[in-house]
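Under our numbering, think of the first position of the sequence shown as 3, with each following residue one higher. Each residue gets a CB set at the ideal place from its N, CA and C atoms; glycine is no exception. Remember, predicted model here, so these are calculated numbers, not experimental data. One structure is given below, encoded as structure tokens.
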Amino acid sequence: MGTKVRFEDDKSLRGKIGGRVGFPFAAGGGNGGLFYAGGAWVHEFEGDGHIELGDDGAIELRVHQPRDYADFNAGISIEGKGTMSGFLEGTAKVGKDDYGSIGIRGGLRLNF
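Next comes the structure, spelled out in structure tokens:
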């Protein structure tokens, strides 16, 4: 009495080629940082993972990710003479068949 969940082993082999540029900046008091942006083309050479739900695998969920897509990021990294540093970054993936995702992440580091 319950639903069985079976994960297929996901095999993946990806190639990625791209570049990144950065522009440093200085702020008062010895503080500064870096604005950066990058992009890459990603190709999946193999991989077709899926999840099956139900006793007989009646429901199958497939991972939808095209074999080729573009991966972009841009952000700012801030460092100073004090005990804190951090970053904020935005990301985007774009591919055919309406594939896309966006994200944002950040971090803060305290030295003591």
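Residue range of the beta strand (DSSP E) that TYR38 falls in?
From DSSP, the beta strand (DSSP E) with TYR38 extends over 34-48.
Nearest to ASP100 by alpha carbon, out of ALA72, LEU112, GLU91, THR85?
ALA72
Integer-rounded CB distance, given that PHE89 should sit under 8 Å from GLY105:
Actually they do not touch by this definition, with Cβ atoms about 14 Å apart.
Looking at the unbroken beta strand (DSSP E) that takes in TYR101, where does it start and where does it end?
Run containing TYR101: none; DSSP gives neither H nor E here.
Alpha-carbon spacing of GLY31 relative to LYS83, whole angstroms:
8 Å
Per DSSP, PRO26 forms a beta bridge with which residues?
LEU36
Quickly, what does DSSP pair ASN113 with across the bridge? List them, please.
Checking the DSSP bridge columns, you'll see ASN113 has no partner listed.
For the beta strand (DSSP E) containing SER14, name the first residue and the last one.
Where SER14 is concerned, there is no enclosing beta strand (DSSP E), given that its DSSP letter is neither H nor E.
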